[in-house]
Amino acid sequence: MQMQKKLKVTLIGYGKMGKAVAGMLRSRQHQIATIIDHEDDWAKKRDQLAESDVAIEFTTPEAAPDNVMRCFELDVPVVSGTTGWLDKMTPTVNYCKKHEHTLFYASNFSIGVNIFFELNAKLAGMLAGAEGYKPAISETHHTQKLDAPSGTAITLAKDIISRRDNLSKWGNADEHLETNALPIKSHRVDKVTGTHVVTYDSLIDSIEIKHTAHNRSGFAEGAVLAAEWVHDKRGVFGMKHLLNI
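Counted the way the working numbering counts, the sequence shown spans residues 5 to 249.
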């Protein structure tokens, strides 16, 4: 994908992902306009944010909705990769569309993971009528990940559920689940970037697809590619638009 103009980018959140995105921005010769990492920064750095071509947001589920709305107030396109706030996503998306702002959201910016999403959807469709195959998802991340299950696991689950008449929701595999719930098992292990496994078990055999991230560079690259692609657009977008899937 060919790089567009050099961008002025505000980073909202400067944890592990924020730092990885900063490194990727520099490697692709973009300018970091400012970094907003504390509540006080919003007032102090408002002008730098307002002058930015785009903001990239990786924070917490509690902070993300307000962070995105603050970007909308200044009409700054925002790329958000924060997971765990899907319950507040609909009003945010509706506001974005109504007021013609720009939001690019993805539960996972890795190119490989988004190909994995497509494989998962394809496999779910192929096994839609095979009631003997019971699907399950497991995900493993580092101990500092704030949400469980991961946004990626939830996306995988929703794609499976939408293709199976006998499933209507997902749930924690460690709890007692109804028969219409797809189980998701979450593991938190030190220094694990991210692994997702989708398994279909039957009495005869098992089918498994798996994605393992070796580091954060794939996520950071995807977020920066999203910023390059979306900075001059209006509307609500995701990785399917970027990758033309």
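C-beta atoms are modelled at their ideal positions from N, C-alpha and C, and glycine is treated no differently.
Do you know how far the Cα of residue j is from the Cα of residue i?
i	j	result
F120	A217	12 Å
Y18	D151	17 Å
L143	K162	Here residue 143 is Glu; the residue named in the question, Leu, does not match the sequence. For E143 and K162, the distance between alpha carbons rounds to 15 Å.
S166	H235	32 Å
E135	W174	17 Å
M93	N71	13 Å
M7	Q52	Any reading at M7 is ruled out, since the residue's pLDDT is 46, under 50, leaving its predicted position unreliable.
V228	I208	44 Å
L250	D178	There is no way to answer for residue 250, as the model of the chain reaches only from 5 to 249.
A230	V25	12 Å
G155	A68	14 Å
K23	D44	20 Å
S31	S221	11 Å
S84	F241	11 Å
S172	G133	15 Å
N176	E182	11 Å
R50	N118	33 Å
A125	W46	40 Å
I40	T14	7 Å
K102	S206	47 Å
Q33	M73	28 Å
Could you pull out every residue in the same chain whose Cβ sits closer than 8 Å to the Cβ of residue i, ignoring the five residues on either side in sequence?
i	result
T147	R192, V193 and D194
A54	L78 and V80
Kindly give me the distance between the Cβ atoms of residue i and residue j, rounded to whole angstroms, as I take these residues to be in contact under 8 Å.
i	j	result
D57	L11	4 Å
P65	T96	Rounded, the Cβ-Cβ distance is 12 Å, inconsistent with contact.
L127	I213	6 Å
A224	G27	7 Å
L123	Y204	Not a contact, Cβ separation roughly 13 Å.
I141	I188	5 Å
Indicate whether at least one CB of chain B lies closer than 8 Å to the CB of residue i.
i	result
A24	The structure shown contains no chain B; it is built from a single protein chain.
So, at 7 Å on beta carbons, what are the nonlocal neighbours of residue i in its own chain, with the 5 sequence-adjacent residues on each side left out?
i	result
E104	R238
Leaving out five residues before and five after residue i in sequence, what residues of the same chain have Cβ atoms less than 6 Å from its Cβ?
i	result
I158	none
(request) Would you list, in sequence order, the uninterrupted beta strand (DSSP E) runs of no fewer than 3 residues that lie entirely inside the region 115-156? (result) 138-145
(request) Scan the region 30-60 and note each continuous beta strand (DSSP E) run of 3 residues or more that stays entirely inside, going in chain order. (result) 35-40
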